[in-house]
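Chain order of the listed sequences is W and Z. Under the working numbering, think of the first position of the first sequence as 1, with each following residue one higher. Under the working numbering, think of the first position of the second sequence as 1001, with each following residue one higher. For glycine and all other residues, C-beta sits at the position ideal for the given N, C-alpha and C.
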Amino acid sequence: QQQVRQSPQSLTVWEGETAILNCSYEDSTFNYFPWYQQFPGEGPALLISIRSVSDKKEDGRFTIFFNKREKKLSLHITDSQPGDSATYFCAAENTNTGKLTFGDGTVLTVKP
Amino acid sequence: EAAVTQSPRSKVAVTGGKVTLSCHQTNNHDYMYWYRQDTGHGLRLIHYSYVADSTEKGDIPDGYKASRPSQENFSLILELASLSQTAVYFCASSSGVENTLYFGAGTRLSVL
Chain W
1 QQQVRQSPQS LTVWEGETAI LNCSYEDSTF NYFPWYQQFP GEGPALLISI
51 RSVSDKKEDG RFTIFFNKRE KKLSLHITDS QPGDSATYFC AAENTNTGKL
101 TFGDGTVLTV KP
Chain Z
1001 EAAVTQSPRS KVAVTGGKVT LSCHQTNNHD YMYWYRQDTG HGLRLIHYSY
1051 VADSTEKGDI PDGYKASRPS QENFSLILEL ASLSQTAVYF CASSSGVENT
1101 LYFGAGTRLS VL
């Protein structure tokens, strides 16, 4: 059973455009949602995160929008750059157990 | 800088053989994790640990054992390796819930 779902599987945007990556979850006990960025041949690295008490988190060109009622969140990357080309993973944590569950990822390609 | 070191970086194993993947962290973190990454499946949690000498089952523990002999070291053991266990394995550490996971560079395992 997939507890964290991401869409689309892959996304291509032009440099300067806004990329929107979507994520949804099922388990109501999830209350912390980090996004990780992974480049080929490397391990994932934390990009930005949000707690369920917030509905928005911004860090430079990266913004998370969170809808607790619908159990959905999205990552917006404004002014996309070719260096943003990577795989982005949405994750959800059950803070009672410390267990972090990842989605299958979205492969983002930014064309110059 | 946080450091998680995995060894070996790649390994070829025979079906039915025993495989041990090692992970060492110098972050002084209590939590350590083993994830498996397959194309199209993102990262799936195999085992994790929040204290030395204790391990917890993740989402896909079957066919794997874990060992946490010290705070710094966390091993993943495949007693009888199978073809289906061919994947990239990532180790990670964190200081606790709602905290950043620091990933190693991964171990590429091929079971033939």
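Item, Value
"8 angstroms Cβ cutoff, G1016/Z in contact with chain W", "no"
"Proximity below 8 angstroms, CB of L11/W to CB of L75/W", "no"
"Test: V1012/Z CB closer than 8 angstroms to a CB of chain W", "no"
"Backbone CA spacing between N1099/Z and I48/W [nearest angstrom]", "11 angstroms"
"Counted within 10 angstroms of its Cβ, other Cβ atoms place K56/W as buried (16 or more) or exposed", "exposed"
"Contact with chain Z by E26/W, beta-carbon distance below 8 angstroms", "no"
"Nearest neighbour of Y32/W, chosen from F39/W, K99/W and T63/W [CA to CA]", "K99/W"
"Buried versus exposed call for W14/W [16 or more other C-beta atoms within 10 Å across all chains shown]", "exposed"
"Contact set between D1062/Z and chain W, taken where Cβ atoms lie within less than 7 angstroms", "The premise fails here: D1062/Z is roughly 16 angstroms from chain W at the closest Cβ pair, so nothing lies under 7 angstroms."
"Backbone CA spacing between F66/W and S52/W [nearest angstrom]", "8 angstroms"
"Beta carbon proximity, L1043/Z to chain W, threshold 8 angstroms", "yes"
"Three-state class that DSSP yields for L1083/Z in the structure shown", "helix"
"Assigned secondary structure, D1062/Z (DSSP; H/G/I helix, E/B strand, else coil)", "coil"
"Three-pair Cβ contact test at 8 angstroms for the segment 1094-1111 of chain Z versus the segment 38-45 of chain W", "yes"
"Integer-rounded CB distance, given that K71/W should sit under 8 angstroms from Y25/W", "5 angstroms"
"CB of T1086/Z within 8 angstroms of CB of V1111/Z, strictly", "yes"
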